[in-house]
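What follows is a short report on a single structure.
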Amino acid sequence: MPAYHSSLMDTDTKLIGNMALLPTRSQFKGPAPRETKTDNVDEAFYYFKDNVFFKNYRIKNEANWTLMYITLYISECIKKLQKCNCRNQGEKEMYTLGITNFPIPGETGFPLNAIYTKPANKQEDEIMPAYLQQLRQETGLRLCEKVLILRMINQASGGLALFRDSS
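In this text, residue positions in the sequence shown follow the numbering used here: the first is 1, and each later residue adds one.
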């Protein structure tokens, strides 16, 4: 099973720190350019199962830093969703997690400061938290939708069900 890398990096993609500011199909306000097709959040979900099991992941470009951030955030979301009893509770948890004040690369408390580059200037320092919050909110919302679909598919078989009821 190979590690998968982002295919969304273009030569004109703007960088913040060592992350790519990729277009995102988002319902949330933020600095990410608008996208109507497959975006970085879709890519993170698509490759999640394969990429989450790698102890070592070779970064090929700046889009992979963004992909890795979203992948790790999905893992955090799943931990929160496992404690939820219904979709509404899950959506509230994802919303709260998405808007919670969180450290960015270079700040004390960011868990991956050793490998992520802090914002290079004041402009990047303003854009990065807004971009990461936009990604977090969109990822949490889409994850709730995916979990509901998985629950409906597996309900009859008694399989995986993070949400135990449909409210």
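A virtual CB, placed ideally from N, CA and C, is assigned to each residue, including glycine.
Can you find a CB in chain D that lies within less than 8 Å of the CB of residue i?
i   : result
T38 : Going by chain labels, chain D is absent from the structure shown, which holds only one protein chain.
Between which two residues does the alpha helix (DSSP H) carrying residue i extend?
i   : result
C77 : 62 to 81
M9  : From DSSP, M9 is part of no alpha helix (DSSP H); its letter is neither H nor E.
V41 : 40 to 51
N88 : 87 to 99
For residue i, count neighbouring Cβ atoms within 10 angstroms of its own Cβ and tell me buried if that reaches 16, exposed if not.
i   : result
C77 : buried
N51 : buried
Using the C-alpha atoms, what's the distance from residue j back to residue i?
i    : j    : result
N61  : M68  : 11 Å
H5   : F45  : 12 Å
L81  : L8   : 28 Å
C144 : T117 : 30 Å
P111 : I104 : 9 Å
K146 : F28  : 18 Å
K49  : T71  : 9 Å
I74  : N64  : 15 Å
D10  : Y47  : 19 Å
E91  : G140 : 8 Å
Q89  : K79  : 14 Å
K14  : T100 : 25 Å
D42  : R34  : 14 Å
K122 : L21  : 16 Å
Within a Cβ cutoff of 7 Å, which residues of the same chain sit near residue i, ignoring the five residues on either side of it in sequence?
i    : result
S26  : A32, Q134, E138
I16  : P119, E124, I127, M128, Y131
T108 : none
G30  : A130, Y131, Q133, Q134
N113 : P105, G106
I59  : W65
T36  : R25
Write down the C-beta distance between residue i and residue j rounded to the nearest angstrom, noting that I regard them as a contact closer than 8 Å.
i   : j    : result
M19 : T96  : Not really, about 24 Å apart at Cβ, beyond 8 Å.
D39 : T24  : 5 Å
G98 : R136 : 4 Å
C86 : E93  : Contact flag wrong, Cβ pair sits at about 11 Å.
Who are the near neighbours of residue i in its chain, counting only those whose CB is closer than 6 Å to its CB and skipping five residues on each side?
i    : result
S166 : Summary for S166: the model assigns pLDDT 43, below 50, so the residue's position carries little reliability; its value from the coordinates is reported in the next sentence. Excluding sequence neighbours, S166 sits near nothing in its chain.
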